[in-house]
Every structure is written in C-alpha cells, then in structure tokens.
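The structure appears below as structure tokens.
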Amino acid sequence: MPGAYPRKADEYICARIPLPDFKYYPGYVTAFKPIVNASVHHIILSSCGTWLGGEEVSRPGPCDGQCRTHILYAWAHNGAPLVLPEGTAFEIGRTTPIKSLSMEVHYSRYEENPDYATIELTYTLQPQPNRAGIILLYNDEATIPPHAQHFPTNISCRLRTEVPIHVFGIRTHAHDLNRGVYGYYFRPRDGRYHLVAKGNAHWPQTFYRPSQLSAGEDFIRLQNKDILMGRCVYDSTARDTPTSMGSTHMDEMCNLYLMYMIDSHFKLPVESEMCADEMVPGAWDNAPTESLEYVTSTPPAKVPEPSAPSLPRSIDFLPDNEWFIKGTRLGSVSGIALVDDSMGRTHLFVLRRGDNPWNENSFDESFEYNEPDATYVPSPILHVDAHSGQLFEAFGNDLLILPHGISIAKDVAGKPIALFVTDLARHQVIKFAWNEWNKPALILGRKNKAGNDETSFCKPSDVAVASTGEIFVADGYCNQRVVKFSPNGDYMAEWGVGGVDETEGSRKTGFLVAHSITVVPASAEGAGGVEQVCIADRERAQIDCYDLSGRRLVQYGGSILKPSVYAIAFSPTYNLMFGVTGPSDATPAAIARLRAILDMREEDVESANNSAFVFRPLLGAQVTNASQHIFRAINGRNHLLDLDLRSPHDIEVSQDGSMLFVAQLRAPYLLKTDIVESAKKSEGGKKMTRSNEVKAAFPTYALTNRTLTQKIFIISTIVTLCTVVTIIALILIRSRKSQPWAWRKPAHLQQRTGHRQGKWKRYDGFRPLQEDELRGLGSALDEDDVEEAAVAEAADSDTIIDIRNFGLPEPQQHFSGSSVHSHSQTRKNDSNSASSHHVDT
C-alpha cells in the first residue's frame, strides 16, 4: 500500500487508484504479480465504476465505503503470481466498466515504517477476444458450534449469463478450523453434481487450475441456470465456544473464488462478483457425501506453464435467438442440409415433415402406410438464405407424404450437383439434379412397397454421397442395413452393423434404426486417404464408421450418446463430429424430484437428454492399421454443447464452420447457432473468428483504385505538409533555445507521443516485459533517464503498472484509528460502497 502505516494487527487499509493512462482508450490486463513483505496477509484488487479525474493514488485509509464493483485479483500469504490464458484479459479504462481500481491490504501485524506493498499489473493495448471476471462464493451467516467435526457451511446461487463462461482459475480461503473447501455446479438439464474444486484453505493462497483441484479438466464450462455451490468443512473440537464468520483470525471464513473468461461481445454474468450463503434452498440436499470429508494438507504439485501452441482455442456456440425463416409457417422439421455457392454464401435446405400422422398404427404388418386422410405435403422443401432467413423458394409439391431425410451431393471441388430426400411412407429415395426442382432425376425403391431386396427399401431414413459419387442409403427402420449404389443408381452392396466382414446370414441386420448417415472425407487432416461412411445407430446409442467398401473401422459409444443418437454431421473445418441425442428416459419419480428442487416445468425436465454433442473422431490414418475395428467411448461432459433442445431430429454445420443448425419436431422447429473461435488470434493480435462479417472484430476494407490526377494531388499534398511541418519545427527549436516558454512536467508523469493526438501519458514506473523484475520493498522510486526513454520506445508492448511508483502521498501522513471513524461516516451513503466482510482476512 503506497505509504500506509498499519498501527495494529488485523488492520485493513485501502486506497483508490486512478487510471489516467486509459482516459481515451482501454488497456487489457493479462497478469498480476504481488510485491509484499511478511506483514501482509492478503491483498484484494477490485474494480470501480467511477472515473477518478486525478493522477495520484488516494491516501491510504479505511476500507468502509470503498467503491468496489468487481474483484479482479485476490492474493494471500504464500500465494503466487497469476498469468491469464492467452487471449484473456481484464479490460480497464474510462470507456470500460473498470474505470478505476481499489486496493485492500490486510496487515497481520504492526509496522513502524510506511509500507509499499503492491500488485504489479501487466497490460497490453491490443484488444483481447475474451474478458476475464471473478465470481466469489462466500458464507457470512454460519456459526460453527464447539467440539464439532466435519461441520459444513453451504453456499448456493443460480448463474445468470447470456453465453457460457469458462472457469480457468480457482482459489479457496478460510481460517484455522477449516479442513476442506468444495465447489460444485448442478446442471438442471442433466440432474448431476459436477465437481469444480476440492481444496484446502491451508495450501498456498493462489489460483489453481481446476485440474489441480480434482476437477478433471483445466477449463470448466458453466452455462445459464447452472447452480453454483460451495462448501467449507470445519473441525472445532479444540474450541469451547461457537465460532462466527468474521474478519479476524479468531473468526472463520468460507470463500471460493472462480476466475473465468467470457466472450468479449457479452456482458459479465449478473452474479459477477457475489454468490452469498444459500440462495437456492435444497441444492445441497442430495450432494455427494465426499463433500463432508477432510482434504489432505499436502498441496497439489505445481503444473508447468503451457507453451503457446498448447493453450486452449475456445470454440463458443452462441444461439441466435432472433433468426427465423421469413414469410412461411414452418411446422415440424425433419431434416436440413447446407451448401455454399460460388460467392461463399451459405444456403439452407429445410425438409418439413407436414401434418400427416405417424404413430404405432400408421403402418400395417406389411409396412404399408394406411392413413386414409394422408395427403402430399405442400411445399415440403424450403430453400433459405442461411444468414438472413430469407425464403428463396419452396418446391416438392405432390411428391412427399412422410419426408424424413435430406442431403446434398457435391463434386470433388465442393460444388453441389444433386439434392436427395427420403420418404418413409413411399419407401423411396428421391434425387433432384441441382437447380432442377420440378422433376426428380432419379428415384430408388418401389413406390409404397416395402422390401429388403436390391430394388426396395423399408422406411429409408437418410442418404449420404461419397466423393466417388457412390450413394449410401440408411435403410434403417425395418431393414437394419446400409445399401450402396453407384452414381447412376445401380445396386452395389449392403451391410449391417458388423459391416461386410459379417457372415452371409447376418450381413443385412444389426442396426437398431440406422437413423442418420454422413461422410468423413479422405481429405480431412490425418485421414490418410481413407474416406469413411458413419451411421447413427439410434436405439443402440452408437455411431459406426466404415470405409466405402463396408469394412467397419471404428465404433463410438458411451454415456454422452445415450439414450439415443438421432443425427450426426462431420465438419471438415474443425475435424469434429457433431450430433444430437433423443428424448429423455427419466422415470416419473426422478422428474418429480428435479421439479421440486429446481422449480422447473415438466417439459424442461423431460427434455434433459435432448442434447447436442461434439467429439473428435478417429480418422483414417488412426484406424486403417488395426487388425479389427476399434471401440471408443465418449463420456466426458465437455463433449456436450450448451443448446436448449426439445426434440432434435437433425443437425448440420456450415462449410466455413460459422453456423450450426438443429432441426426439431417440436417448437422451436429450427435453431441457428453461431460458432465462434473466441481464443484464436492472428499474428497481429487481432481477433479471428469464423462468424460473419457483421460480428467480425476487425473488418477489412477493400482498397479503391486511384486515377492519375488523384495520385498527383495526393503526392503534392503530402510534400506540402512535410514542408510546413519542417518550417514549424525549425521555428520551435530556435524559440526553445531562448527559453521563453520552457517548462517541465512533474517527475512522476511523462508525455508519450505518437498516438491519440499526443494524449497518452504514463505512470512513472511502467516497465516493458523484457526488463528485470522490480526489486521489491525499498527500491528507488525514480528510475534514471535511460530507463524512462526505453519505456517510451515500448509504447505498444505489454507493459507493467507498479502502483508503488506513482502519485505517492506525503510519507509522514499517519493513518490513525480516529480517521477511520470519520472517513466511514462521510461515505456511509455511497451507493457503490461495500463492506469488507466477504473478503479474505
């Protein structure tokens, strides 16, 4: 604390810190480094939404009435510096919510000399794709009884956020009686408790990676309506009196800090700082029993810092709730397909199911559709602009009765050449030549006649076309097989779940509804020249992949694909397999329990297993050398996407990877989601996304060709300006030698030119990253002129703020107890004030 005099143990001293360097443009803080002595127990650096017009730090004083809107960084004894993940920063400056800083220092003992403890901030001027924040879970109401073991204090609140957040740093804090701190999140949609942290407050006070605290992953994805939960476990067997929550070392505390990142396009969550006590009654009723156990006193092993290439590339999925198809009534959507035109515009083809009934009585024993009132679906196929939702055309009249699947065939250059649809009632596959929608170019199967031979199907569900032009039909509802045809529609082969290597008698069976089919191209990275055909085996909750000859290569299963896999789609842009799972199989008792705890609607609970997932499949080079097929389980919760689904039936990803669509049988019938690579940056540090130009952080502009006259005029203007500037510079030099208006700025402030009309300033003590660390307490406050010049030259590099070295108050202004009372009274009505009961001591 700049010039602070702690006069007693357990004293809290605070100061306000202005940010004059960021009056006209923001800075982006990427690292924190504490510089303290042994008397400092903790430091908390918070943001304030009020701009301070001065350039000097306020005098150290009491902490009551301090302006604190968000916690930026918290350090306690034995803690370590913190470096945020690449592409993540706290945004500070007059134009941001963080307009000034507030620093609180808790001193554990009396100090005779003024203290200059501080936190060194490293910042950059380059905008970052992710904004950082901290959520503090704390309990300040509990009382710990004497002679108690495994006594818990609980915290719970509901997260409200526009988009998912990713927790990457976790810190615990409590006092002597604590034996463990636990963190969980409860997701209403899956009804499970997910471990966030299992720590001990007696470990070194620093931010740990979630994986160090038994979470199993380094980045924990939290989404809207998740219930955040914290618990501290105490042992008071050595105490004869109750222990309350408080700020002294004889009291107790229960704090859990979650440091997270969020896409910079969006605001921080509503509970951006405080999650106090039990705000969700009953949330802890069915929590894991391990949360009452003591945690080992041995701290986790240090984890080496990741190299730049290994840092995460966060892909966020942002629902576009304002998108819809204009000018038509949609109804149930059975299938969707996407394709790009020659101009890079994405086109969406939508297959509407229509109003014809389909239930257990709709087909007779011969699988003939026997609904007497059924009619052809009017305009079942819609051609739509995927970006705007504009309807281009509708076609397919007098053709389809129970449409189910739709897909697009492309040539080797990626140009669309055909559109395929399937009809369950007609038992047929219908092909349209591209842009020739009036009449089918090819029909496979016998109309209204089910069969299992080479010329017929039984309720075919989907079609995929390989780069060879060969057609693969998922003949899945009755026949349990995949049928392969030549580009001209000639029968070639078929197989069941085991592939062509099965015995002859079982070759056509095995799938329990082959519901969706997609192609993994050989050009995918690492594919080793092997093109794969993958089938979603719906009721088996598995995905089976084959080469084009039907030899099974790999099979996927696991909890994420349960209870049923409805659709899959491979994205060559990301080399990822996307998919959706089907309806929930939750029992009535489980649904009732969740509704009672979470106050949810029944339909929300019933749709808990309607999920979207994503995983990286094994590609050709990884499977071709295996002597038999490979099984891979998909179990991690990180494979689930944060999408609110009701009855998903199909899924597609755009060619450039910027959009994801989900077709549903219940409203909302069609969902659009933007895909954003929020942590990917260009070499220049600018944000790179796969979103459209409207959302691009740094749009580019085309250069305009100049005429000869324009070029001559521009060159003449530049020459004239240079001449004028040279004359003015000579006049100023001659005038300055005569000293008529020579002046000096204060030593702690220095002009930085070259940007923003010369209005950049700097705090004395800024350091470029490549310089040595500051020496700590007792170091000189003024550096020599050589270092100051070096700082000025490093205007655009990452920079360090050392709060000790600017705007220091007079050193002999002691901080006394009487001034505490006076200051507290004058600020008691401050609307931004916050007491310090919730922060570390």
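So for the sequence shown, the UniProt record's numbering puts the first residue at 1; every next one is plus one.
Beta carbons are placed, not taken as given, at the ideal position from N, Cα and C, and that holds for glycine.
Since this is a predicted model, take the numbers as computed values, not measurements.
Alpha carbon to alpha carbon, what distance is there between R538 and C478?
Approximately 13 Å, taken between the alpha carbons.
Look at H383 and E393 and say whether their C-beta atoms are less than 8 Å apart.
Cβ atoms of H383 and E393: closer than 8 Å.
Could you give the residue range of the beta strand (DSSP E) that holds H166?
Counting along the chain, the beta strand (DSSP E) containing H166 begins and ends at I165 to A174.
Mark V839 as exposed unless 16 or more other C-beta atoms lie within 10 angstroms of its C-beta, in which case mark it buried.
Here the model assigns V839 a pLDDT of 38, short of 50, so the residue's position is not dependable, and the following value carries that caveat. So V839 ends up on the buried side.
Kindly identify the DSSP beta-bridge partner or partners of Q480.
Answer by DSSP bridge pairing: none, since Q480 is not bridged.
Which residue comes first and which comes last in the beta strand (DSSP E) that contains E104?
E104 -> beta strand (DSSP E) spans S100 to Y107.
To the nearest angstrom, report how far apart S647 and L256 are at their CA atoms.
Between S647 and L256, the C-alpha separation is close to 37 Å.
Applying the 10 Å Cβ sphere with the 16-neighbour rule, what's the burial state of S342?
It is exposed - the Cβ of S342 has fewer than 16 other Cβ atoms within 10 Å.
Taking Cβ positions, are L101 and I17 nearer each other than 8 Å?
Cβ atoms of L101 and I17: closer than 8 Å.
Which residue wins for smallest C-alpha separation from V676, given the options L619, T573, H649 and I630?
Among L619, T573, H649 and I630, the Cα nearest to that of V676 belongs to T573.
Please classify V725: is it buried, with 16 or more other beta-carbons within 10 angstroms of its beta-carbon, or exposed?
Exposed, because fewer than 16 other Cβ atoms sit within 10 Å of the Cβ of V725.
Does DSSP classify E112 as helix, strand or coil?
Three-state DSSP puts E112 in coil, outside helix and strand.
Would you check if the distance between the CB atom of P440 and the CB atom of G469 is smaller than 8 Å?
Not closer than 8 Å, so no.
Comparing C-alpha positions only, which one of T95, Y12 and V29 sits nearest to residue 844?
There is simply no residue 844 to check, as the chain begins at 1 and stops at 841 in what is shown.
Just to confirm, are L561 and Q542 a CB contact at a threshold of 8 Å?
A contact, by the Cβ cut-off of 8 Å.
So what's N178 in DSSP terms, helix, strand or just coil?
DSSP places N178 in strand when its eight states are reduced to three.
Alpha carbon to alpha carbon, how far is R329 from Q664? Give it in angstroms, no decimals.
So the alpha carbons of these two residues sit roughly 14 Å apart.
Rounded to whole angstroms, what is the Cα-Cα separation between F219 and L137?
Using only the alpha carbons, I get a separation of about 18 Å.
Is it buried or exposed for A283, if we count other Cβ within 10 angstroms and need 16 for buried?
When all chains shown are included, A283 counts as buried.
Comparing alpha-carbon positions, which option in H70, Q212 and M274 lies nearest T296?
Measuring from the Cα of T296, the nearest candidate turns out to be Q212.
In the structure shown, what three-state DSSP assignment does H383 receive?
If DSSP states are grouped into helix, strand and coil, H383 belongs with the strands.
Taking buried to mean at least 16 other C-beta atoms within 10 Å of its own C-beta, is D355 buried or exposed?
With fewer than 16 Cβ atoms within 10 Å of its Cβ, D355 is classed as exposed.
Ends of the beta strand (DSSP E) at W495?
Counting along the chain, the beta strand (DSSP E) containing W495 begins and ends at Y491 to W495.
Could you give the distance in angstroms between the alpha-carbon of A287 and the alpha-carbon of F186?
Distance between the alpha carbons of A287 and F186 is about 9 Å.
Which whole-angstrom value is the C-beta distance of I471 and I406, which I expect to be below 8 Å?
With a Cβ gap of about 14 Å, I471 and I406 do not count as contacting.
Please classify R551: does DSSP put it in a helix, a strand, or coil?
The answer is coil: DSSP assigns R551 none of H, G, I, E or B.
Who are R158's beta bridge partners in DSSP?
According to DSSP, which records beta bridges pairwise, R158 is partnered with I227.
Using the Cα positions of Y5 and Y107, report the straight-line distance between them to the nearest angstrom.
Cα to Cα, Y5 sits roughly 10 Å from Y107.
Restricting to Cα atoms, I'd like to know which of A197, A201 and L228 is closest to G216.
Selected option, being the one with the closest Cα: A197.
Distance check for E56 and L72, CA to CA, integer angstroms please.
If you take the alpha carbons of L72 and E56, they lie about 20 Å apart.
Let me make sure I understand the geometry here. Which of T153, M250 and T172 has the alpha-carbon closest to that of I134?
That would be T172, whose Cα lies nearest to the Cα of I134.
Just curious, the beta strand (DSSP E) that P60 is in, first and last residue?
Premise fails: P60 is in no beta strand (DSSP E) and is neither H nor E.
Please report the straight-line C-alpha distance between A148 and E252, rounded to a whole angstrom.
If I take the Cα positions, the gap works out to 14 Å.
Assuming D423 is part of the beta strand (DSSP E), what are its boundary residues?
Its beta strand (DSSP E) spans residues P416 to D423.
Cα separation between L660 and A142?
Distance between the alpha carbons of L660 and A142: 47 Å.
Is K484 buried or exposed, if buried means 16 or more other CB atoms sit within 10 Å of its CB?
Under this definition K484 is a buried residue.
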